[in-house]
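Counting from 1, position 31 in the sequence shown corresponds to residue 31 in the numbering used here; the numbering is continuous, with no gaps. Quick reminder that beta carbons are idealized off the backbone N, C-alpha and C, glycines included. The next block holds one structure in the form of structure tokens; read it before the comments.
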Amino acid sequence: AFRHLYVLATEARCVQTIDVDTGLSVYTPLEVTIREAEYHTETTFCEVTPCILPEHSL
């Protein structure tokens, strides 16, 4: 059934940082730079993990 195909259309965009010693999720500042194409400027934004990255069509 086609209703199950939406799972195939997803992309992993979740960023999570894990402490090596405890195995627990930790808050970590993250700076992300996206370069879309040759003629577009770079886009930089700051997040705190765990976070979800924006879609490629930013």
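DSSP places Val20 in the coil class of the three-state scheme, outside both helix and strand. For the segment 23-47, the continuous beta strand (DSSP E) assignments of 3+ residues that do not extend past its boundaries occur at 28-35, in sequence order.
Using a C-beta cut-off of 8 angstroms, the segment 35-55 makes contact with the segment 9-18, since at least three inter-stretch Cβ pairs fall below that distance. Just so you know, the alpha carbons of Glu42 and Glu31 end up roughly 13 angstroms apart. For Thr10, the secondary structure class from DSSP, reduced to helix, strand or coil, is coil.
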